[in-house]
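The structure under discussion appears below in the form of structure tokens.
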Amino acid sequence: MELISFLLRVVAFPLLVALPTVNATPAISLPYPFEADKLYDLKIDQKIAPNEEVRKRANAYRVYLALTPPGWGTGPVCWLAKEVDLDVTQVNVTIPADAAPDQSRIRISTALLKKGAPRGMGFSYSSRTTLVGANATWSQKELDGRNHIDAEEVSCWAYGCARTCQVTYYTTKDEEDGPIGDKAYACVKQCAKDLNPRSDGAMNGMSMSRILAVVVMIGSIHMVLGVL
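Note that the sequence shown covers residues -24 to -1, 1 to 204 in mature numbering (1 follows the signal peptide of the UniProt record, and there is no 0).
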């Protein structure tokens, strides 16, 4: 038994030495509860020292809303701030009311990235808080754990619209491929094109009434196309 223990230590030591340095977990301060449609100035500190190696690979970070559909794990579903300078620690964030159901348990997630890169380098999560004043309903796709909305492409202002696309086109689990899947993807892309903020940060200039009008317009167009 002592020999086995010794051999395990001998094998483990070089493996530990070979492991890359792990970045410190970001410090993310959240209010409790978190009100939908309210602008918050969140404190997000990536805690990366000036001389850390990671700065050669990343000079910014992205901020996401992370949801936990009933019976499933937590993951980012949409972005709240697309590119924030690595050393910026105050981020304006608003979670739209149609991004999640009322009383949802949510997290804020971040990922390091190089400015201009389409995707981050892995996710870190805040503690949980409760979203209040929201009005969305879980889609069947979310309840099935098969959400195909890309959090890197779709902002949280477009997420409610994108969810409507999934509700419209996916009525069974067998419709993800082929013409129906193509229509759903095109619908989601249109939501992102029309509703994603033009800047890298939070969208404060578009009123909720305008957002709802765009959602209705996109839905009507795709309903007509679906009949054709």
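Beta carbons: idealized from backbone N, C-alpha and C, even for Gly.
Of the other Cβ atoms in all chains shown, fewer than 16 fall within 10 Å of the Cβ of ASP61; this residue is therefore exposed.
A distance below 7 Å between beta-carbons, with the five flanking residues on each side excluded, links ASP21 to the following residues of its chain, in chain order: PRO2, ALA3, THR65.
Under the three-state reduction of DSSP, PRO52 is assigned to strand.
Between TRP114 and PRO45, the C-beta gap is smaller than 8 Å, which places the two residues in contact. Here the C-alpha atom of TYR146 lies approximately 44 Å from the C-alpha atom of GLU29. Taking a 10 Å sphere around the C-beta of ASP74, we find 16 or more other C-beta atoms and assign the residue as buried. Taken through DSSP and simplified to helix, strand or coil, THR105 comes out as strand. When only Cα atoms are considered, VAL143 and ASP126 end up about 16 Å apart. Between ARG83 and ALA42, the C-beta gap is smaller than 8 Å, which places the two residues in contact.
Residue ALA87 holds the alpha-carbon nearest to the alpha-carbon of VAL53 among ALA87, ALA25, GLY109. According to DSSP, residue pairing for LYS19 in a beta bridge involves SER5, GLN66. Residue pairing by DSSP places SER80 opposite LEU107 in a beta bridge. The shortest CA-to-CA distance from GLU128 to any of ALA110, PRO9, GLU118, MET97 is the one to MET97. Assignment of beta-bridge partners to LEU41 by DSSP yields CYS54, ILE84.
Short of 6 Å from the beta carbon of ALA138, and not among the five residues preceding or following it, lie these beta carbons of its own chain, in chain order: ILE125, VAL130, VAL164, CYS167. A straight-line Cα-Cα distance of about 8 Å links LEU119 and GLY47. Counted as a single uninterrupted DSSP element, the alpha helix (DSSP H) harbouring ASP158 occupies residues 154 to 171.
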